[in-house]
Structures are given as C-alpha cells and as structure tokens.
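Worksheet for the structure shown next.
Numbering (the working numbering), first residue to last: 46 to 187.
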C-alpha cells in the first residue's frame with residue numbers, strides 16, 4: 046500500500062495489487078470503496094458500473110474521477126429512465142390494444158347471444174303455436 050497527500054493535503058492510499066486496469070496515466074488511482082461495490086446487489090447495475098469505471102480508469106478524461114463517475118452514473122440513470130419509460134409506453138399501448146380487442150369481442154359475443162336467444166324464443170313460440178293448433182285440431186276431431 047502506498048500513502049500520499051493529494052492537492053488538498055488529504056491523505057490518500059492505494060494498493061498496487063489492483064493491477065493496471067486501476068491506473069490512470071501511469072499513476073495509481075486512490076484506494077476508495079470500490080465503485081462496483083455500490084451496485085453489486087442490483088441486477089444489471091454491476092455491468093453499468095464496470096463500464097463507467099473502465100472509462101474512468103482508462104484516463105480518457107481530465108475530469109476528476111469522482112465527478113466523472115457521478116456524471117456517468119447520472120447519464121446511465123437518465124438512459125435507464127428513458128428506456129424504461131419507453132418500455133412502459135409500449136406496454137401501455139399493447140394493453141390498450143388488447144383491451145379494445147376484448148371490448149369488441151364482448152360486443153360480438155353479446156350480439157351473438159341476443160340472436161341465439163331470439164332464435165330460441167322464436168322456436169319456442171313456433172312450437173307453442175303448432176302445439177295449440179294440434180290441440181285444437183284434436184279437440185275438433187273428437
């Protein structure tokens with residue numbers, strides 16, 4: 046472990062056991078709570094955090110690491126929010142479409158049932174009329 050003071054005079058420490066992926070421009074990054082540990086318990090977050098941390102560790106920006114990390118997390122959060130809201134909107138549209146289809150099917154079913162009921166009533170009425178006619182014929186023949 047190496048100890049050093051930063052530009053503000055605060056003591057920093059880092060280890061060399063973390064390997065070159067944790068170095069920036071040939072300098073070891075300060076030992077802090079590993080950024081990946083912040084999101085390891087959340088599904089999918091670990092991959093996002095690893096991608097952000099790799100960008101930081103590669104030394105591509107001159108922005109202090111913590112600002113870049115927070116900015117990266119914020120950007121990922123905004124992208125996740127946009128993606129999720131897009132998913133919700135599409136899901137809402139699918140549900141609305143299914144609801145409309147369901148309502149149309151209910152209407153068709155109700156119409157079929159009304160027609161069937163009407164046919165059954167007509168049949169019953171016809172049968173009753175025929176029965177009455179037959180009864181009357183039988184009475185007249187007696």
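Note that the Cβ used here is the ideal one computed from N, Cα and C, for glycine as well.
- Query: Given that a residue counts as buried once 16 or more other Cβ atoms are within 10 Å of its Cβ, and exposed if not, what is residue 122?
  - Reply: The residue in question, residue 122, is exposed, as its Cβ has fewer than 16 Cβ neighbours within 10 Å.
- Task: Using 10 angstroms around the beta-carbon of residue 116, count the other beta-carbons present and answer buried if the total reaches 16, otherwise exposed.
- Result: With fewer than 16 other Cβ atoms within 10 Å, it is exposed.
- If we ignore side chains and look at the alpha-carbon of each, how far apart do residue 157 and residue 130 end up? Within the model, the alpha-carbon separation for residue 157 versus residue 130 is close to 40 Å.
- How many angstroms separate the CA atom of residue 182 from the CA atom of residue 164? Going from the Cα of residue 182 to the Cα of residue 164 covers about 27 Å.
- Message: Rounding to the nearest angstrom, what Cα-Cα distance links residue 185 and residue 160 in this structure?
- Response: Looking at the two C-alpha atoms, the distance is approximately 37 Å.
- Measure the alpha-carbon distance for residue 119 versus residue 153 and round it to whole angstroms. In this structure, the alpha-carbon of residue 119 lies about 51 Å from that of residue 153.
- Pairwise C-alpha distance: residue 137 and residue 128: The straight-line gap separating the alpha-carbon atoms of residue 128 and residue 137 is approximately 14 Å.
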